[in-house]
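Participant: Quick one: the structure is below, and I'll ask about it shortly.
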Amino acid sequence: ADIISTVEFNHSGELLATGDKGGRVVIFQQEQENKTQSHSRGEYNVYSTFQSHEPEFDYLKSLEIEEKINKIRWLPQKNAAQFLLSTNDKTIKLWKISERDKRPEGYNLKEEDGRYRDPTTVTTLRVPVFRPMDLMVEASPRRIFANAHTYHINSISINSDYETYLSADDLRINLWHLEITDRSFNIVDIKPANMEELTEVITAAEFHPHHCNTFVYSSSKGTIRLCDMRASALCDRHSKLFEEPEDPSNRSFFSEIISSISDVKFSHSGRYMMTRDYLSVKIWDLNMENRPVETYQVHEYLRSKLCSLYENDCIFDKFECCWNGLDSIVMTGSYNNFFRMFDRNTKRDITLEASRENNKPRTVLKPRKVCASGKRKKDEISVDSLDFNKKILHTAWHPKENIIAVATTNNLYIFQDKMN
Amino acid sequence: MFVRGLKRKCFDGEEDIEGTLAGIKAIPSYNLQRQSLLDMSLVKLQLCHMLVEPNLCRSVLIANTVRQIQEEMTQDGTWQMINTQSTGQASLDRLVSTDILCRSSREQAEGKHVPSYGTFSKDFEGDQGQDNSETMSTASSVQAPRTLQSNVWEMENPQENKGNFQKSLDQIFETLENKSPNSVEDLFSEVDNSYYDLDTMLTGMMSNTKMGHCDGLETFSSPTNTASNSNCKSDLNELDHIVEILVES
């Protein structure tokens with residue numbers, strides 16, 4: 112139940128939310144920067160914990176509905192409270208997280224403990240005042256968006272209008288208004304009339320960061336479709352189709368599986384989007400559909416092991432990816448608790464490890480290297496000794512600073528760049 | 084790593100493949116590997132954890148892989164029935180459990196049309212030279228995956244689906260038990276209640292190292308004379324080979 116299933120910074124980066132397999136959400140808050148301690152930014156401490164989703168049982172189908180949180184997305188802050196959307200396979204919830212650090216005291220008709228006073232004993236009147244109290248962080252569900260998905264929800268994305276959002280399952284995408292829970296619009300439906308003809312599913316979807324009419328969705332066949340909601344109510348016809356032709360020399364029975372896109376993310380600028388498939392990260396220019404502009408190999412050494420990875424189901428692992436605030440670096444996870452960063456400008460890349468045994472706090476991470484074959488140099492790790500149970504599927508990058516959150520199976524690591 | 088285009092060596096006694104093969108023998112028999120991949124995929128499709136709805140994306144990808152393999156096998160002509168009864172030897176190579184899978188689905192789906200593989204079975208039905216039983220078992224072995232697909236995806240009829248899975252799984256267990264009780268007991272002693280365990284067991288058992296069994300598969304070098312002659316013939320003798328694969332150490 113402690114398996115982390117999603118990680119997300121809020122828009123300012125001050126808050127970091129994680130969701131886990133047990134349906135809980137834990138929010139961390141960055142400490143205010145200490146002016147005297149210039150060598151580090153504020154640490155992240157637990158701010159709030161709450162149970163977002165509970166396990167449910169679908170009586171009609173005799174199947175359990177997992178409480179695992181698949182995605183969390185923050186709304187931009189409009190007032191003192193924070194809002195986020197969290198979703199499991201079937202239901203999306205809007206949570207309000209608010210602070211309470213004062214409480215009213217001095218009521219006329221109530222005692223301090225809440226009991227009502229006998230009105231006849233009231234001889235004077237006073238105005239209640241607010242007095243400070245220990246900070247309390249409360250989370251309350253404000254909206255529940257349920258019963259709109261037959262299949263498992265894999266993505267939610269808040270529109271740049273901050274009024275609507277989309278939710279995507281394997282076959283359909285729905286558009287919601289944040290205020291309205293009893294209705295949603297279906298904007299994409301790829302379910303075939305005959306389910307036996309099903310060969311492709313939706314794997315991820317996201318709204319464009321600036322154009323509120325545009326969104327993309329990726330598929331298990333390695334395609335990305337960009338849709339314009341102005342074109343028609345049902346966006347089954349894409350405006351653009353992004354697909355890279357297959358490399359015939361790499362063709363195998365596993366080609367389709369490894370081309371399946373596990374995550375799609377727009378750059379902050381909105382000009383590019385990034386996709387993650389099993390072995391690589393690709394950057395696409397929205398103006399060019401026939402191939403990506405950049406491709407980065409995450410763990411090419413696994414290409415010769417695809418049969419084994421198919422056998423143990425690792426080939427179906429869904430890795431996420433993320434951009435840094437400047438869109439200059441992209442990051443994604445791998446196995447053995449490794450994660451990779453690619454600098455788009457310098458074309459350099461680095462492999463780092465999130466593990467307590469190998470890294471003490473406040474020490475600089477040592478770059479790692481995997482030896483694909485042949486002579487293994489000192490400090491290199493051979494492919495066959497990689498631990499495929501230690502996978503980093505979820506990573507997040509602070510929107511403004513070089514602080515990253517990396518989730519291993521059970522632990523959350525927060526790294527920052529060395530400050531001088 | 085599978086390499087397409089490598090053909091099997093022509094073995095004595097295999098008259099009907101003589102004309103179609105090139106001379107190069109793949110070191111691990113490509114067809115054997117492909118057959119095992121097909122088997123593995125079919126097992127994966129069946130062993131969905133029925134407590135929670137199975138992952139649709141994974142099922143679709145596996146089903147597509149199965150379809151790909153079958154299409155290639157059709158093109159290769161290895162989908163044909165090859166008559167090797169004269170050897171009198173149980174072909175070590177006939178791994179496929181599709182007959183087991185067929186039986187339950189055939190019972191369920193008598194007279195059912197086979198849409199996705201329509202063209203394929205039509206070719207066979209038209210072929211007068213083929214033995215009738217062979218044709219039927221081929222058609223139904225083709226049908227099995229399709230029915231499996233619908234079982235996996237038609238969430239609208241869960242009870243029926245669970246019945247199908249249960250049935251075909253039971254068939255496998257039944258027949259395997261008849262063949263080689265000892266190994267089967269070891270393998271499947273706890274299967275009754277939880278498909279979870281079976282799944283873990285199968286993948287666990289097939290991997291010695293983390294990379295596991297597939298390394299052996301990828302460098303498979305032990306086929307006998309008849310072994311490279313892989314096909315989907317419905318034959319109960321295939322079943323003990325499934326057990327062999329599962330317990331390979």
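Residue numbers (our numbering), protein chains in the order written: chain A, 112 to 531; chain B, 84 to 332. We put the beta carbon where it would ideally sit given N, CA and C, even for glycine.
When DSSP builds the beta bridges, which residues end up paired with A:C433?
Facilitator: A:M442
Participant: Are the beta-carbon atoms of A:E464 and A:R479 separated by less than 7 angstroms?
Facilitator: yes
Participant: Of the residues A:T117, A:I208, A:S116, A:C418, which one's Cα is nearest the Cα of A:Q140?
Facilitator: A:I208
Participant: Using the C-alpha atoms, what's the distance from A:M385 back to A:V375?
Facilitator: 6 angstroms
Participant: On the three-pair Cβ rule with 8 angstroms, is the stretch 195-208 of chain A touching the stretch 176-186 of chain A?
Facilitator: yes
Participant: Using only the alpha-carbon positions, how far apart do A:P239 and A:T231 sit?
Facilitator: 19 angstroms
Participant: Measure the CB-CB distance between A:S163 and A:V136 and report whether it falls below 7 angstroms.
Facilitator: yes
Participant: Is there at least one Cβ from chain A nearer than 7 angstroms to B:N114's Cβ?
Facilitator: No, no contact with chain A.
Participant: Name the chain B residues whose beta carbon is nearer than 9 angstroms to that of A:L476?
Facilitator: Per Cβ cutoff of 9 angstroms: no residues; A:L476 is ~24 angstroms from chain B at best.
Participant: Do A:G381 and A:H288 count as a contact pair if the criterion is CB distance below 7 angstroms?
Facilitator: Cβ distance not < 7 angstroms, so A:H288 and A:G381 don't count as in contact.
Participant: Can you find a CB in chain B that lies within less than 7 angstroms of the CB of A:F427?
Facilitator: yes
Participant: Could you round the C-beta distance between A:H263 and B:L115 to whole angstroms and report it? I think they count as a contact, below 8 angstroms.
Facilitator: Not quite, the Cβ-Cβ distance comes to about 36 angstroms (not below 8 angstroms), so this is no contact.
Participant: DSSP state of A:Q527, grouped into three classes?
Facilitator: strand
Participant: Which runs of the beta strand (DSSP E) spanning at least 3 residues fall entirely within the stretch 187-246 of chain A, listed in chain order?
Facilitator: 193-198, 203-216
Participant: Give me the Cα-Cα distance between A:P243 and A:T275, rounded to the nearest whole angstrom.
Facilitator: 37 angstroms
Participant: Nearest-angstrom Cα distance between A:S350 and A:S370?
Facilitator: About 22 angstroms.
Participant: Taking Cβ positions only, does B:L139 come closer than 7 angstroms to chain A?
Facilitator: It does: the Cβ of B:L139 has a partner Cβ on chain A nearer than 7 angstroms.
Participant: Would you call A:A257 buried or exposed, if buried means 16 or more other Cβ atoms sit within 10 Å of its Cβ?
Facilitator: exposed
Participant: Starting from A:M399, trace the beta strand (DSSP E) in both directions and tell me its first and last residue.
Facilitator: No beta strand (DSSP E) holds A:M399; DSSP gives it neither H nor E.
Participant: Comparing alpha-carbon positions, which option in A:V327, A:K302, A:A304, A:N297 lies nearest A:S268?
Facilitator: A:V327
Participant: Just the C-alpha distance for A:R226 and A:P187, rounded to the nearest angstrom, thanks.
Facilitator: Cα-Cα distance, rounded: 39 angstroms.
Participant: Buried or exposed: which applies to A:I114, given that a residue is buried once 16 or more other Cβ atoms fall within 10 Å of its Cβ?
Facilitator: exposed
Participant: Can you say whether A:K221 is buried or exposed, counting buried as having 16 or more other CB atoms within 10 angstroms of its CB?
Facilitator: exposed
Participant: DSSP state of B:R117, grouped into three classes?
Facilitator: helix
Participant: Terminal residues of the continuous beta strand (DSSP E) containing A:L413?
Facilitator: Where A:L413 is concerned, there is no enclosing beta strand (DSSP E), given that its DSSP letter is neither H nor E.
Participant: Quick check: the Cα distance between A:W434 and A:P215, rounded to an integer number of angstroms?
Facilitator: 45 angstroms
Participant: Going by DSSP in three states, A:C338 sits in which element: helix, strand or coil?
Facilitator: strand
Participant: Using a beta-carbon distance below 7 angstroms, is A:L463 in contact with chain B?
Facilitator: Cβ-Cβ to chain B under 7 angstroms: no for A:L463.
Participant: For A:N470, which option in A:P166, A:L504, A:L420, A:F526 has the closest C-alpha, if you only look at C-alpha atoms?
Facilitator: It is A:F526.
Participant: Nearest chain B C-beta to A:E367 closer than 7 angstroms, yes or no?
Facilitator: yes
Participant: In this structure, how does DSSP classify A:D374 when only helix, strand and coil are distinguished?
Facilitator: Reduced to three states, the DSSP call for A:D374 is strand.
Participant: For A:V481, does the count of other Cβ atoms within 10 angstroms reach 16, so buried, or fall short, so exposed?
Facilitator: By the neighbour-count rule (16 or more Cβ atoms within 10 Å), A:V481 is buried.
Participant: Would A:A279 and A:I301 be called neighbours here (beta carbons separated by less than 7 angstroms)?
Facilitator: no
Participant: Which chain B residues sit within Cβ distance under 7 angstroms of A:Y218?
Facilitator: The premise fails here: A:Y218 is roughly 50 angstroms from chain B at the closest Cβ pair, so nothing lies under 7 angstroms.
Participant: A:H509 by DSSP, collapsed to three states: which one?
Facilitator: DSSP places A:H509 in the coil class of the three-state scheme, outside both helix and strand.
Participant: Rounded to a whole number of angstroms, what is the C-alpha to C-alpha distance between A:H319 and A:R228?
Facilitator: 57 angstroms
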